[in-house]
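One structure below.
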Amino acid sequence: MEWLEASVATTGEGAERVSDALMASGARGTQIIDRAEMLAFRGQPGYGELFGEELFSGLPEHAVVKAWFSSLQDLNAARAAVAALRASGGAGLGPLSFETAAVKDEDWAENWKQYYKPVRVGKRIVIKPGWEPYSPAPRDLVIEMDPGMAFGTGTHETTRLCLRLIQKHFSGGRALDVGTGTGILAIALAKLGAGGVVAVDLDPVAVRVAGENVRRNGLEDAIVVMEGDLARGVSGRFSFACANILADAVISLAPGLYPLLAPGGRFLASGIIREREGDVLTKCQAAGYTLKDRETEGEWVALLMERGHA
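Convert by adding 2 to the 1-based position in the sequence shown; the result is the number in our numbering.
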């Protein structure tokens, strides 16, 4: 299949806003290429060589958001959305230039490959692209990933926050991953000993990619991947649930998730920008949750909450 690719030049601070605008216009996936973010990883002890040195010479001066569309109508809607951002003043968003190209599925795969190397998140989890060799330490839990066309490779702040809090707080039992994307959090939960994981996503592309990654890690018997809207249609009780989605989606999810959690069950919510933390926490506390832990990275917040024991 041939995809229509848009590349929008922006800033590191504005990349998420541009990405959101492209997704709202019908993009089937986005990728942020930010020199500053990549440089932040280079040389960190224990994290491995995330990006090859040869890659830096070809990086763009500005942060770039790439998005892929299946129709010209959606591409034009994205062009209009970026033009609207530019017309509004675009404070902090950079040049907002808009370039297009046509790419095939196999070109997409090769484009992803150049940006991902093995990376350690927290004490035990190592995320390894399928095409990269890695020799694990004795206690390493290696997750082999192919990003495909879904969100979640371990390099984004929200994913790292989730993985660190999962390692810190997950102690077993049945688990739920809402908005699974590539399936990375579901796979981490399974490797940490979950007694069955249900992974849900609204996007059929994400469901396919997550299923492929589950099979790649040999976890077909431990993880069920299903298409669904938040937790609607999910049944049973869970000791742990995570949702690396946007603030408004977390607010929508929280009340319906509460009865699915066992008494004392934990709910990990991420994808929350700092200015929305108060909104999310207020709504979750009103639904019956108690805040137990939080972590931040950059502009992002992750909240670890607990259902009451009653």
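Glycine is no exception: its CB is placed at the ideal position from the N, C-alpha and C atoms.
Would you check if there are 3 or more beta carbon pairs closer than 8 Å linking the stretch 198-213 to the stretch 255-272?
no
For L143 versus E297, is the C-beta distance shorter than 7 Å?
Contact: no.
For Q33, the residue or residues it bridges with in DSSP:
Under DSSP, Q33 shares a beta bridge with K68.
Using the C-alpha atoms, what's the distance from S173 back to E101?
47 Å
Helix, strand or coil: how does DSSP classify V202 here?
The three-state secondary structure of V202, taken from DSSP, is strand.
Residue ranges of each alpha helix (DSSP H) within the stretch 239-298, 4 or longer:
249-259 and 279-288
Label G195 either buried or exposed according to how many other C-beta atoms from any shown protein chain fall within 10 Å of its C-beta, with 16 as the threshold for buried.
exposed
Only counting the same chain, and skipping five residues up and downstream in sequence, which positions put a Cβ closer than 8 Å to that of S73?
L6 and G28
Buried or exposed: where does E159 fall if 16 or more other Cβ atoms within 10 Å of its Cβ makes it buried?
buried
Count the other C-beta atoms from every protein chain shown that fall within 10 angstroms of the C-beta of G54, then say buried if there are 16 or more, exposed otherwise.
Its pLDDT being 47, under 50, G54 is placed unreliably in this model, and the value from its coordinates should be taken loosely. Exposed, by the Cβ-count rule.
For R309, count the other beta carbons within 10 Å of its own beta carbon; 16 or more makes it buried, fewer makes it exposed. Which is it?
buried
Element boundaries [alpha helix (DSSP H), containing S21]:
In this chain, the alpha helix (DSSP H) harbouring S21 covers A17 to A26.
Using the C-alpha atoms, what's the distance from L248 back to R276?
12 Å
Buried/exposed call for F70, threshold 16 Cβ in 10 Å
Reading off the sequence, residue 70 comes out as Trp, not Phe. W70 should be labelled buried.
K130, DSSP secondary structure in three states:
strand
Is the separation between the beta-carbon of G213 and that of V226 shorter than 7 Å?
It is not a contact, given that the beta carbons lie outside the stated cut-off.
Just to confirm, is the Cβ distance from V128 to P120 under 7 Å?
yes
E56 in three-state terms, based on DSSP
Residue confidence for E56 is low, a pLDDT of 47 falling below 50, so the modelled location carries little weight; the figure read from the coordinates is stated next. If DSSP states are grouped into helix, strand and coil, E56 belongs with the helices.
Just the Cα atoms here: how many angstroms apart are T32 and A26?
11 Å
Proximity winner among A264, L305 and P265, relative to D281 (alpha-carbon distances)
Taking each of A264, L305 and P265 in turn and checking the Cα distance to D281, the smallest one comes out for L305.
So, helix, strand or coil for T13, using DSSP?
coil
How big is the Cα-Cα spacing for R234 and L262?
Taking the straight line from one Cα to the other gives about 11 Å.
Throw me the rounded Cβ distance for the A11 and S99 pair, which I believe falls under 8 Å.
5 Å
Can you find the residues in the same chain that come closer than 8 Å, C-beta to C-beta, to P265, ignoring five residues on each side of it along the sequence?
R309, G310, H311 and A312
Assuming Q169 contacts G124 under a Cβ cut-off of 8 Å, what Cβ separation, rounded to an integer in Å, is found between them?
4 Å
Output yes or no for whether 7 Å exceeds the beta carbon distance between L191 and A177.
Cβ distance < 7 Å, so L191 and A177 count as in contact.
Suppose you measure from the CA of M307 to the CA of A104; what does that come to, to the nearest Å?
When rounded, the separation of the alpha-carbon atoms in M307 and A104 is 44 Å.
With burial defined as no fewer than 16 other Cβ atoms inside 10 Å of the residue's Cβ, what is the status of S21: buried or exposed?
Counting every other CB atom within 10 Å of its CB across the protein chains shown gives S21 a total of 16 or more, marking it as buried.
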